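Undergrad: Numbering (the numbering used here), first residue to last: -9 to 123.
Following this message is one structure expressed as structure tokens.
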């Protein structure tokens, strides 16, 4: 991974939430993001076979998968790529459950800024590398 360019797979079916993430990423100074956006878990699984990603931003409520099953399926499909979960729930227990199921971090939609998003991505990538070291 180039330290200034993140290859991101965004798995989000809500176009408004996806647009907000794009806007937040555009606000980050001195970094570039190459974002591939898909709306279904099946598309995300296929995409991970085609391109090398630094991180996956994963919504928990997709048309073809819901909740923790979404995380487990994505971890199974792409075990080498760190995952940051996007949730509409500001429930800390949901975030902790996401971590127990293989995510490296989680963000609550509507409660983040560009700094929080980039911090979560950087920390997730670092946490994912540590067990492999």
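Beta carbons are placed, not taken as given, at the ideal position from N, Cα and C, and that holds for glycine.
Every value quoted in this text rests on a predicted model; they were computed, and no experiment measured them.
Go ahead and label residue 120 buried or exposed: buried means 16 or more other beta carbons lie within 10 angstroms of its beta carbon, across all protein chains shown.
TA: Locating residue 120 in the chain shown gives position 130, where the first residue counts as 1. By the 10 Å Cβ count, residue 120 comes out exposed.
Undergrad: So what does DSSP say about residue 18, is it helix, strand or coil?
TA: Here residue 18 is taken as the residue at index 28 of the chain shown, counted from 1. In this structure, residue 18 counts as coil in the three-state DSSP scheme.
Undergrad: Are the beta-carbon atoms belonging to residue 1 and residue 59 less than 8 Å from one another?
TA: Position 11 of the chain shown, counted from the first residue, corresponds to residue 1. Position 69 of the chain shown, counted from the first residue, corresponds to residue 59. It is not a contact, given that the beta carbons lie outside the stated cut-off.
Undergrad: Quick check: what's the CA-CA separation for residue 87 versus residue 40?
TA: Numbered from 1 along the chain shown, position 97 holds the residue referred to as residue 87. Numbered from 1 along the chain shown, position 50 holds the residue referred to as residue 40. Their backbone Cα atoms lie some 29 Å apart in a straight line.
Undergrad: Take the Cβ of residue 103 as the centre, count every other Cβ of all protein chains shown within 10 Å, and call the residue buried at 16 or more, exposed below.
TA: Locating residue 103 in the chain shown gives position 113, where the first residue counts as 1. By the 10 Å Cβ count, residue 103 comes out exposed.
Undergrad: Sorted by chain position, which residues of the same chain lie with C-beta nearer than 7 Å to residue 55's C-beta, five sequence neighbours on each side aside?
TA: Along the chain shown, read from residue 1 onward, the residue named residue 55 stands at position 65. Hits under 7 Å: 31, 63.
Undergrad: Under DSSP, the beta strand (DSSP E) around residue 77 begins and ends at which residues?
TA: If you number the chain shown from 1, residue 77 lands on position 87. Its beta strand (DSSP E) spans residues 73 to 77.
Undergrad: Secondary structure at residue 98, three-state DSSP: helix, strand or coil?
TA: Your numbering for residue 98 matches position 108 in the chain shown. Note: residue 98 maps to strand in three-state DSSP.
Undergrad: Verify whether the separation of the beta carbon atoms of residue 8 and residue 27 is less than 8 Å.
TA: Working through the chain shown from its first residue, we reach residue 8 at position 18. Working through the chain shown from its first residue, we reach residue 27 at position 37. Yes, these two residues count as a Cβ contact at 8 Å.
Undergrad: For the beta strand (DSSP E) that contains residue 49, what are its first and last residues?
TA: Here residue 49 is taken as the residue at index 59 of the chain shown, counted from 1. Looking at the DSSP string, the run of the beta strand (DSSP E) that includes residue 49 is 45 to 49.
Undergrad: Distance, Cα to Cα, residue 115 vs residue 85?
TA: Within the chain shown, the letter at position 125 stands for residue 115. Within the chain shown, the letter at position 95 stands for residue 85. Cα to Cα, residue 115 sits roughly 17 Å from residue 85.
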